[in-house]
Every structure is written in C-alpha cells, then in structure tokens.
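Per my numbering, the very first residue in the sequence shown carries number 181; after that it's consecutive.
Report on one structure; see the data block that follows.
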Amino acid sequence: VQDRYDVVVLDCPPQLGYLTLTALSSATAVLITVHPQMLDVMSMCQFLLMLGEILNPIKRGGGNMNLDWFRYLVTRFEPGDGPQAQMVDFMRVIFGGFVLKNEMLKSTAISDAGITKQTLYEVERSQLTRSTYDRAMESLHNVNGEITSLVHQAWGRT
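This is how it looks when you write it as structure tokens:
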C-alpha cells in the first residue's frame, strides 16, 4: 500500500496477538496512548516488557524493527486532577522526549461526538457547548500538529 497512501494508521489493542505483532513489525513509527493513572502506566510498562521479549527473537531472525519515531501520547488528561498531573510529570522524567509535549484532554465534547459515531471534526460547533468544543478542538489541533510534525521530519520535510 506504500505507493497508494502517505500514512496508514493501525489502531491495535494492547494485546500480544498477531494483529499487534504484524502491525509493529511493519510500522515505521509507533504512537502509544496512555491514560495518566498509575494502573494504566504500570500496565503499559508490563505490556512493553513482554512485547520486547517477543520482538527480540524477531529482530534476531532478521525482522526490520527500525522506526522513524516512537512516542507516548497522554490521553484523557484532566489538568486539574493532581494525581494525573503528577503522573504526567513522572512519565516526562522517565521517558523524556519520548512523551509528546501536548496531551489529549478528556472532554465531554469528544464523548458526545462519539455517541453519534462522529469525530469532533465532524460535529457542528453549535451542537455542543462552545467553550467545551473549543477547548477540545485546541487539544486535538495541538496533538495532531505535533504528530504531523513528526511525520514531516521522518520524510525530511521540517
């Protein structure tokens, strides 16, 4: 599909099945989403440790595991929640620049759009509370802009 698409997104569950392993083996970039709660971060770490054990033999067998970039995206973030803010700070200390600078905020606007099987980009602003919609859109633009920049850098277009 490389000749037909610029970007292909494979959204895999955090399971060590064939879908996830195939997606990771063919990926040129990986974005891992994580909710800033202790249990979620610990589960992600455990998953990544087990994934490493599975991918190492694939690499030794000649599998190409070279990525243009790898990042963590904090999702469903509530900036006013002290423990979440502390967890984000902790992740930034541990993972450094591998954590995207922008977080995806938790928003009722996104939840409401999902109820109608739409993205926030598809919903009319007038259908939601304006301030909630605007805050969610700003978060989406910031996160998506950062991801787009990473893609452009990988393509040599800074």
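No residue lacks a Cβ here, since even glycine has one placed at the ideal position from N, Cα and C.
This one's a predicted model, so the numbers in the text were calculated from it and none came from an experiment.
Residue i burial status per 10 Å Cβ neighbour count (16 or more: buried)
| i | result |
| --- | --- |
| Glu233 | exposed |
| Leu308 | buried |
| Arg251 | buried |
| Val187 | exposed |
| Ser287 | buried |
| Leu219 | exposed |
| Pro216 | buried |
| Val273 | exposed |
| Glu304 | exposed |
| Asn282 | buried |
| Val268 | buried |
Range covered by the alpha helix (DSSP H) that runs through residue i
| i | result |
| --- | --- |
| Tyr313 | 310-334 |
| Leu231 | 218-240 |
| Val268 | 262-275 |
For residue i, the residue or residues it bridges with in DSSP
| i | result |
| --- | --- |
| Ala207 | Its beta-bridge partners do not exist; DSSP assigns none. |
| Thr121 | Outside the displayed span of the chain (181 to 338) sits residue 121, for which this structure offers no information. |
| Arg251 | Leu211 |
| Leu285 | Phe257 |
| Val279 | Tyr252 |
Residue of the options minimising C-alpha distance to residue i
| i | options | result |
| --- | --- | --- |
| Phe257 | Ala265, Arg337, Phe250 | Ala265 |
| Asp191 | Leu204, Pro259, Ser329 | Leu204 |
| Ser311 | Val210, Ser329, Leu235, Ala289 | Ala289 |
| Asp292 | Val279, Ser206, Ser306 | Ser306 |
| Leu330 | Leu196, Leu201, Ala209, Pro194 | Ala209 |
| Asn324 | Ser206, Asn244, Leu285 | Leu285 |
| Gln226 | Ala334, Thr202, Leu196 | Leu196 |
| Val214 | Pro194, Leu199, Thr200 | Pro194 |
| Ile327 | Trp249, Pro259, Phe275, Thr296 | Trp249 |
Check: residue i C-beta below 7 Å from any heavy atom of the ligand SAM
| i | result |
| --- | --- |
| Thr200 | This structure does not include the ligand SAM; it has no bound ligands of any sort. |
Inset, instruction - Say whether the stretch 316-335 touches the stretch 294-308, bearing in mind that this needs 3 or more beta-carbon pairs closer than 8 Å, one atom from each stretch. - result: When Cβ pairs closer than 8 Å are counted between the two stretches, the stretch 316-335 is seen to touch the stretch 294-308, the count reaching three or more.
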